[in-house]
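Student: Dropping the structure in here first, questions after.
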Amino acid sequence: MTAPTTPGPAPRTPGSRTADGPAARGPGSVGTAAAPGGSAPVALDLGGRTALVTGAASGIGRACALRLAAAGARVRAVDRDGAGLASLAGEAGGPGTAGAFDTRVLDLTDLDAAEQAAEGVDILVNNAGLQLVRPIEDFPPDVFHTVLTVMLEAPFRLIRGALPHMYAEGWGRIVNISSVHGLRASAYKSAYVAAKHGLEGLSKTAALEGASHGVTSNCVNPGYVRTPLVEKQIADQARTHQIPEERVVADVLLQDSALKRLLEPDEVAEAVAYLCTPQASFITGTSLALDGGWTAH
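In C-alpha coordinates:
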(Lines of atoms letter the chains of each structure in order from A and count residues from 1; the text may use other names and numbers.)
(Lines give C-alpha, C1' and ligand atoms only; values in the text may rest on other atoms or scores of the structure.)
Protein backbone atom coordinates (compact mmCIF):
# COMPACT_ATOMS: atom_id res chain seq x y z
CA MET A 1 0.00 0.00 0.00
CA THR A 2 1.29 3.45 -0.84
CA ALA A 3 -0.08 5.28 2.18
CA PRO A 4 -1.95 3.96 5.40
CA THR A 5 -0.55 3.92 2.57
CA THR A 6 9.97 27.59 -2.99
CA PRO A 7 10.28 29.94 -4.35
CA GLY A 8 7.80 32.48 -3.07
CA PRO A 9 4.87 33.28 -5.35
CA ALA A 10 4.16 36.68 -6.73
CA PRO A 11 1.48 38.37 -4.61
CA ARG A 12 -2.06 37.46 -5.63
CA THR A 13 -5.27 39.16 -4.72
CA PRO A 14 -7.82 36.59 -3.52
CA GLY A 15 -10.77 36.46 -5.86
CA SER A 16 -8.98 38.30 -8.70
CA ARG A 17 -9.59 35.97 -11.61
CA THR A 18 -9.41 35.57 -15.31
CA ALA A 19 -11.67 32.94 -16.86
CA ASP A 20 -9.47 30.26 -15.33
CA GLY A 21 -8.23 31.74 -12.11
CA PRO A 22 -6.16 34.56 -10.60
CA ALA A 23 -4.89 37.10 -13.06
CA ALA A 24 -1.30 36.30 -11.99
CA ARG A 25 -1.50 33.00 -13.91
CA GLY A 26 -0.21 33.27 -17.45
CA PRO A 27 0.06 30.65 -20.15
CA GLY A 28 3.33 29.74 -18.52
CA SER A 29 6.28 27.65 -19.51
CA VAL A 30 6.38 23.98 -20.24
CA GLY A 31 7.55 21.73 -17.43
CA THR A 32 10.67 19.72 -18.16
CA ALA A 33 9.43 16.27 -17.14
CA ALA A 34 9.42 13.99 -20.15
CA ALA A 35 6.04 12.75 -21.30
CA PRO A 36 5.40 9.11 -22.29
CA GLY A 37 6.70 8.24 -25.72
CA GLY A 38 9.05 11.23 -25.81
CA SER A 39 6.30 13.76 -26.63
CA ALA A 40 6.39 17.22 -25.09
CA PRO A 41 4.55 17.57 -21.77
CA VAL A 42 1.45 19.75 -21.65
CA ALA A 43 2.04 23.47 -21.12
CA LEU A 44 1.68 24.09 -17.41
CA ASP A 45 3.01 26.78 -15.10
CA LEU A 46 2.24 26.14 -11.44
CA GLY A 47 4.74 28.61 -10.03
CA GLY A 48 3.35 29.98 -6.76
CA ARG A 49 0.90 27.08 -6.36
CA THR A 50 0.96 24.51 -3.57
CA ALA A 51 -0.04 20.94 -4.39
CA LEU A 52 -0.68 18.07 -1.99
CA VAL A 53 -0.21 14.51 -3.24
CA THR A 54 -1.08 11.53 -1.06
CA GLY A 55 0.71 8.21 -1.43
CA ALA A 56 3.61 10.17 -2.92
CA ALA A 57 6.47 7.83 -1.99
CA SER A 58 6.03 5.51 -4.96
CA GLY A 59 4.00 4.63 -8.02
CA ILE A 60 1.39 7.03 -9.35
CA GLY A 61 1.74 9.40 -6.41
CA ARG A 62 5.48 9.78 -6.91
CA ALA A 63 5.02 10.40 -10.64
CA CYS A 64 2.37 13.05 -9.92
CA ALA A 65 4.54 14.77 -7.32
CA LEU A 66 7.46 14.92 -9.76
CA ARG A 67 5.28 16.18 -12.62
CA LEU A 68 3.70 18.96 -10.56
CA ALA A 69 7.10 19.98 -9.19
CA ALA A 70 8.40 20.07 -12.76
CA ALA A 71 5.70 22.65 -13.47
CA GLY A 72 6.92 24.79 -10.59
CA ALA A 73 4.55 23.82 -7.78
CA ARG A 74 5.66 23.41 -4.21
CA VAL A 75 4.52 19.87 -3.48
CA ARG A 76 3.42 18.58 -0.10
CA ALA A 77 4.21 14.92 -0.51
CA VAL A 78 2.61 12.70 2.14
CA ASP A 79 2.89 8.97 2.72
CA ARG A 80 3.46 6.43 5.48
CA ASP A 81 6.74 5.46 3.84
CA GLY A 82 9.36 7.79 5.28
CA ALA A 83 12.22 6.25 3.33
CA GLY A 84 10.35 6.65 0.07
CA LEU A 85 9.60 10.28 0.87
CA ALA A 86 13.27 10.91 1.68
CA SER A 87 14.21 9.52 -1.73
CA LEU A 88 11.63 11.79 -3.37
CA ALA A 89 12.89 14.84 -1.46
CA GLY A 90 16.38 14.07 -2.71
CA GLU A 91 15.20 14.89 -6.23
CA ALA A 92 14.21 18.46 -5.30
CA GLY A 93 16.23 20.92 -7.32
CA GLY A 94 17.38 18.22 -9.73
CA PRO A 95 16.62 18.03 -13.44
CA GLY A 96 12.92 18.49 -14.11
CA THR A 97 12.00 19.72 -10.63
CA ALA A 98 11.47 23.46 -10.80
CA GLY A 99 9.39 23.36 -7.62
CA ALA A 100 10.21 21.94 -4.22
CA PHE A 101 9.05 19.11 -1.99
CA ASP A 102 7.70 19.38 1.54
CA THR A 103 7.59 15.75 2.66
CA ARG A 104 5.42 14.65 5.55
CA VAL A 105 5.04 11.17 7.02
CA LEU A 106 1.29 10.75 7.48
CA ASP A 107 -1.01 7.82 8.14
CA LEU A 108 -4.31 8.71 6.48
CA THR A 109 -6.27 6.75 9.06
CA ASP A 110 -5.54 9.77 11.27
CA LEU A 111 -8.36 11.74 9.69
CA ASP A 112 -7.89 14.93 11.70
CA ALA A 113 -4.24 15.08 10.67
CA ALA A 114 -5.22 14.45 7.05
CA GLU A 115 -7.63 17.38 7.04
CA GLN A 116 -5.05 19.68 8.61
CA ALA A 117 -2.42 18.63 6.05
CA ALA A 118 -4.63 19.92 3.22
CA GLU A 119 -5.06 23.44 4.58
CA GLY A 120 -3.78 26.12 2.22
CA VAL A 121 -3.28 23.96 -0.88
CA ASP A 122 -4.29 24.99 -4.40
CA ILE A 123 -4.12 21.49 -5.90
CA LEU A 124 -5.13 18.25 -4.20
CA VAL A 125 -4.31 14.85 -5.66
CA ASN A 126 -6.02 12.06 -3.72
CA ASN A 127 -3.97 9.04 -4.71
CA ALA A 128 -3.20 6.84 -1.69
CA GLY A 129 -4.68 3.38 -1.74
CA LEU A 130 -4.39 -0.23 -0.72
CA GLN A 131 -5.73 -3.49 -2.01
CA LEU A 132 -6.68 -6.96 -0.81
CA VAL A 133 -8.05 -9.67 -3.09
CA ARG A 134 -10.47 -12.00 -1.29
CA PRO A 135 -13.99 -13.39 -1.76
CA ILE A 136 -16.56 -11.41 0.24
CA GLU A 137 -17.17 -14.28 2.65
CA ASP A 138 -13.46 -14.38 3.48
CA PHE A 139 -12.81 -10.63 3.42
CA PRO A 140 -11.63 -9.41 6.85
CA PRO A 141 -14.03 -6.72 8.13
CA ASP A 142 -11.20 -4.73 9.69
CA VAL A 143 -9.42 -4.51 6.33
CA PHE A 144 -12.66 -3.47 4.62
CA HIS A 145 -12.99 -0.66 7.17
CA THR A 146 -9.37 0.44 6.67
CA VAL A 147 -9.69 0.49 2.87
CA LEU A 148 -12.77 2.72 3.03
CA THR A 149 -11.12 4.96 5.62
CA VAL A 150 -7.98 5.52 3.53
CA MET A 151 -9.60 5.65 0.09
CA LEU A 152 -12.92 7.40 0.75
CA GLU A 153 -13.17 9.02 4.16
CA ALA A 154 -9.63 10.45 4.06
CA PRO A 155 -10.23 12.05 0.62
CA PHE A 156 -13.39 13.63 2.03
CA ARG A 157 -11.43 15.08 4.94
CA LEU A 158 -8.62 16.25 2.64
CA ILE A 159 -11.09 17.99 0.33
CA ARG A 160 -12.80 19.51 3.37
CA GLY A 161 -9.46 20.87 4.55
CA ALA A 162 -8.47 22.23 1.13
CA LEU A 163 -11.66 23.96 0.02
CA PRO A 164 -11.61 27.09 2.25
CA HIS A 165 -8.30 28.25 0.74
CA MET A 166 -9.35 27.31 -2.79
CA TYR A 167 -12.61 29.22 -2.40
CA ALA A 168 -10.79 32.27 -1.04
CA GLU A 169 -8.40 32.23 -4.01
CA GLY A 170 -11.14 31.64 -6.58
CA TRP A 171 -9.11 28.76 -8.03
CA GLY A 172 -8.50 25.13 -7.19
CA ARG A 173 -7.94 21.72 -8.71
CA ILE A 174 -9.03 18.47 -7.08
CA VAL A 175 -7.89 15.34 -8.89
CA ASN A 176 -8.98 12.03 -7.42
CA ILE A 177 -7.02 9.01 -8.62
CA SER A 178 -9.89 6.61 -8.98
CA SER A 179 -9.66 3.48 -11.13
CA VAL A 180 -11.40 1.59 -13.84
CA HIS A 181 -12.87 -0.08 -10.74
CA GLY A 182 -14.63 3.19 -10.01
CA LEU A 183 -16.58 2.51 -13.22
CA ARG A 184 -16.63 -1.28 -13.35
CA ALA A 185 -16.60 -4.00 -10.70
CA SER A 186 -14.37 -7.04 -10.43
CA ALA A 187 -14.84 -10.10 -8.30
CA TYR A 188 -12.87 -10.45 -5.04
CA LYS A 189 -12.27 -6.69 -4.65
CA SER A 190 -15.30 -5.64 -2.62
CA ALA A 191 -13.56 -3.01 -0.50
CA TYR A 192 -11.55 -1.46 -3.32
CA VAL A 193 -14.51 -1.32 -5.70
CA ALA A 194 -16.80 0.11 -3.01
CA ALA A 195 -14.24 2.79 -2.10
CA LYS A 196 -13.60 3.82 -5.71
CA HIS A 197 -17.31 3.98 -6.55
CA GLY A 198 -17.79 6.17 -3.49
CA LEU A 199 -14.87 8.40 -4.54
CA GLU A 200 -16.57 8.98 -7.89
CA GLY A 201 -19.66 10.33 -6.13
CA LEU A 202 -17.62 12.46 -3.75
CA SER A 203 -15.70 13.95 -6.68
CA LYS A 204 -18.89 14.87 -8.53
CA THR A 205 -20.38 16.49 -5.44
CA ALA A 206 -17.22 18.57 -4.94
CA ALA A 207 -17.44 19.61 -8.61
CA LEU A 208 -21.00 20.86 -8.22
CA GLU A 209 -20.25 22.76 -5.02
CA GLY A 210 -16.95 24.20 -6.24
CA ALA A 211 -17.99 25.37 -9.71
CA SER A 212 -19.00 28.87 -8.65
CA HIS A 213 -15.69 29.24 -6.76
CA GLY A 214 -13.35 28.41 -9.65
CA VAL A 215 -12.65 24.91 -8.30
CA THR A 216 -12.78 21.83 -10.51
CA SER A 217 -12.97 18.24 -9.28
CA ASN A 218 -12.39 15.21 -11.48
CA CYS A 219 -11.42 11.57 -11.33
CA VAL A 220 -8.66 9.92 -13.32
CA ASN A 221 -9.43 6.25 -13.89
CA PRO A 222 -6.43 4.11 -14.77
CA GLY A 223 -6.51 0.46 -15.65
CA TYR A 224 -3.68 -1.60 -14.20
CA VAL A 225 -0.56 0.52 -13.67
CA ARG A 226 2.99 -0.69 -13.20
CA THR A 227 3.16 0.13 -9.47
CA PRO A 228 4.07 -1.71 -6.26
CA LEU A 229 0.33 -1.94 -5.46
CA VAL A 230 -0.31 -3.94 -8.63
CA GLU A 231 2.83 -6.02 -8.32
CA LYS A 232 1.90 -7.05 -4.78
CA GLN A 233 -1.53 -8.32 -5.80
CA ILE A 234 -0.25 -10.72 -8.47
CA ALA A 235 0.41 -13.40 -5.86
CA ASP A 236 -3.04 -12.79 -4.34
CA GLN A 237 -4.68 -13.10 -7.74
CA ALA A 238 -2.77 -16.28 -8.55
CA ARG A 239 -3.85 -17.87 -5.28
CA THR A 240 -7.48 -16.73 -5.60
CA HIS A 241 -7.85 -17.82 -9.23
CA GLN A 242 -5.63 -20.89 -8.73
CA ILE A 243 -3.36 -20.12 -11.66
CA PRO A 244 0.42 -19.58 -11.91
CA GLU A 245 1.63 -16.05 -11.20
CA GLU A 246 3.05 -15.68 -14.72
CA ARG A 247 -0.49 -15.99 -16.13
CA VAL A 248 -2.04 -13.32 -13.90
CA VAL A 249 -1.14 -10.23 -15.96
CA ALA A 250 -2.41 -11.57 -19.29
CA ASP A 251 -5.27 -13.79 -18.12
CA VAL A 252 -6.65 -11.71 -15.24
CA LEU A 253 -5.38 -8.15 -15.07
CA LEU A 254 -5.52 -7.39 -18.80
CA GLN A 255 -8.33 -9.73 -19.77
CA ASP A 256 -10.77 -6.86 -20.48
CA SER A 257 -8.22 -4.39 -21.84
CA ALA A 258 -7.88 -3.93 -25.60
CA LEU A 259 -4.31 -2.72 -25.07
CA LYS A 260 -2.31 -5.59 -23.63
CA ARG A 261 0.20 -3.75 -21.49
CA LEU A 262 0.39 -2.15 -18.09
CA LEU A 263 -0.04 1.62 -17.91
CA GLU A 264 3.00 3.59 -16.75
CA PRO A 265 2.81 5.98 -13.75
CA ASP A 266 4.13 8.87 -15.88
CA GLU A 267 1.15 8.49 -18.22
CA VAL A 268 -1.24 8.93 -15.31
CA ALA A 269 0.73 11.95 -14.09
CA GLU A 270 0.35 13.64 -17.49
CA ALA A 271 -3.43 13.23 -17.27
CA VAL A 272 -3.35 14.79 -13.81
CA ALA A 273 -1.23 17.66 -15.13
CA TYR A 274 -3.63 18.27 -18.00
CA LEU A 275 -6.52 18.71 -15.57
CA CYS A 276 -4.54 21.56 -13.96
CA THR A 277 -4.07 23.49 -17.22
CA PRO A 278 -6.15 26.51 -18.27
CA GLN A 279 -7.35 24.45 -21.24
CA ALA A 280 -9.06 22.06 -18.79
CA SER A 281 -10.93 24.72 -16.83
CA PHE A 282 -14.30 23.58 -18.23
CA ILE A 283 -13.71 19.94 -17.31
CA THR A 284 -15.26 19.15 -13.96
CA GLY A 285 -17.41 16.45 -12.39
CA THR A 286 -16.22 13.82 -14.83
CA SER A 287 -14.01 10.73 -15.01
CA LEU A 288 -11.08 10.41 -17.40
CA ALA A 289 -10.60 6.74 -18.24
CA LEU A 290 -7.04 5.57 -18.97
CA ASP A 291 -8.10 1.97 -19.26
CA GLY A 292 -6.81 0.70 -22.59
CA GLY A 293 -10.35 0.19 -23.87
CA TRP A 294 -11.64 -1.75 -20.83
CA THR A 295 -14.83 0.32 -20.51
CA ALA A 296 -15.45 0.17 -24.27
CA HIS A 297 -17.05 -3.25 -23.69
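Taking my numbering, the leading residue of the sequence shown gets 907, the next gets one more, and so forth. Glycine residues also receive a C-beta, built at the ideal position from the N, C-alpha and C atoms. A quick note: this is a predicted structure, and the numbers were derived from the prediction, not measured.
1. Do you know offhand how far residue 951's Cα is from residue 1058's?
2. Helix or strand or just coil, what does DSSP make of residue 1044?
3. Quick check on residue 1039: does DSSP put it in helix, strand or coil?
4. Just how far apart, CA to CA, sit residue 1088 and residue 1100?
5. According to DSSP, simplified to helix, strand and coil, what is residue 1092?
6. Looking only at its chain, what residues have a beta carbon closer than 7 Å to the beta carbon of residue 1041, apart from the 5 residues adjacent to it on each side?
7. Could you spell out where the alpha helix (DSSP H) holding residue 1146 opens and where it closes?
8. Could you pull the DSSP bridge partners for residue 1080 from this structure?
9. Distance check for residue 1167 and residue 1105, CA to CA, integer angstroms please.
10. Measure from the alpha carbon of residue 1199 to the alpha carbon of each residue in 1090, 1082 and 982, then state which is nearest.
11. Going by Cα to Cα distance, which pick from 1034, 1086, 1085 and 1049 is closest to residue 1061?
12. Using a 10 Å radius around the Cβ and a threshold of 16 neighbouring Cβ atoms, would you call residue 1114 buried or exposed?
13. Quick check on residue 1007: buried or exposed, where buried means 16 or more other Cβ atoms within 10 Å of its Cβ?
14. Compute every distance between the C-beta of residue 1175 and the non-hydrogen atoms of the ligand GTP, then say whether any falls below 7 Å.
15. How far does the beta strand (DSSP E) with residue 1007 in it reach, from first residue to last?
16. Please check the pair residue 1194 and residue 1125, which I expect to be a contact at CB under 8 Å, by giving their CB distance rounded to whole angstroms.
17. What's the call for residue 978, buried or exposed, on a 16-neighbour Cβ count within 10 Å?
18. Flag this pair as touching only if the stretch 1174-1183 and the stretch 950-968 have three or more C-beta atom pairs under 8 Å; answer yes or no.
19. May I ask you to list the residues that DSSP assigns as paired with residue 985?
20. Just the Cα atoms here: how many angstroms apart are residue 1043 and residue 1098?
21. By how many angstroms is the C-alpha of residue 1020 removed from the C-alpha of residue 980?
22. Measure the C-alpha to C-alpha separation of residue 1022 and residue 1152 and round it to an integer number of angstroms.
23. Check this for me: beta carbons of residue 1122 and residue 1026, under 8 Å apart or not?
24. What residue range does the alpha helix (DSSP H) around residue 1175 cover?
25. Roughly how many angstroms separate the alpha carbons of residue 1112 and residue 1177, rounded to a whole number?
26. For residue 1119 versus residue 1067, is the C-beta spacing smaller than 8 Å?
27. Just to confirm the assignment, what range does the beta strand (DSSP E) spanning residue 957 have?
Tutor: Reading it off the structure:
1. The alpha-carbon atoms of residue 951 and residue 1058 are separated by roughly 30 Å.
2. The DSSP-derived three-state label of residue 1044 is helix.
3. It is coil, neither helix nor strand.
4. Distance between the alpha carbons of residue 1088 and residue 1100: 8 Å.
5. Of the three classes helix, strand and coil, the one that applies to residue 1092 here is coil, per DSSP.
6. Cβ contact annotation for residue 1041 (same chain, cutoff 7 Å, sequence separation greater than five): 1094, in chain order.
7. Segment 1134-1147, the alpha helix (DSSP H) holding residue 1146.
8. Within the DSSP bridge table, the entry for residue 1080 names 1030 and 1123 as partners.
9. Residue 1105 and residue 1167: Cα-Cα distance of roughly 26 Å.
10. For residue 1199, the nearest C-alpha among the options comes from 1090.
11. Residue 1034 is the option with its Cα nearest to residue 1061.
12. Burial call: exposed.
13. When all chains shown are included, residue 1007 counts as buried.
14. Among the components modelled here there is no ligand, and therefore nothing to report on the ligand GTP.
15. In this chain, the beta strand (DSSP E) harbouring residue 1007 covers 1006-1011.
16. Contact flag correct, Cβ pair sits at about 7 Å.
17. Buried: at least 16 other Cβ atoms inside 10 Å.
18. Yes: at least three Cβ pairs fall under 8 Å.
19. Within the DSSP bridge table, the entry for residue 985 names 1011 as partners.
20. Straight-line Cα distance between these residues: approximately 15 Å.
21. Taking the straight line joining both Cα atoms gives about 18 Å.
22. A straight-line Cα-Cα distance of about 43 Å links residue 1022 and residue 1152.
23. Against a cut-off of 8 Å, the Cβ pair of residue 1026 and residue 1122 comes out as no contact.
24. Per DSSP, residue 1175 is one residue of the alpha helix (DSSP H) stretching across 1171-1180.
25. Here the alpha carbons of residue 1177 and residue 1112 stand approximately 19 Å from one another.
26. The answer is no: Cβ separation not under 8 Å.
27. Looking at the DSSP string, the run of the beta strand (DSSP E) that includes residue 957 is 956-960.
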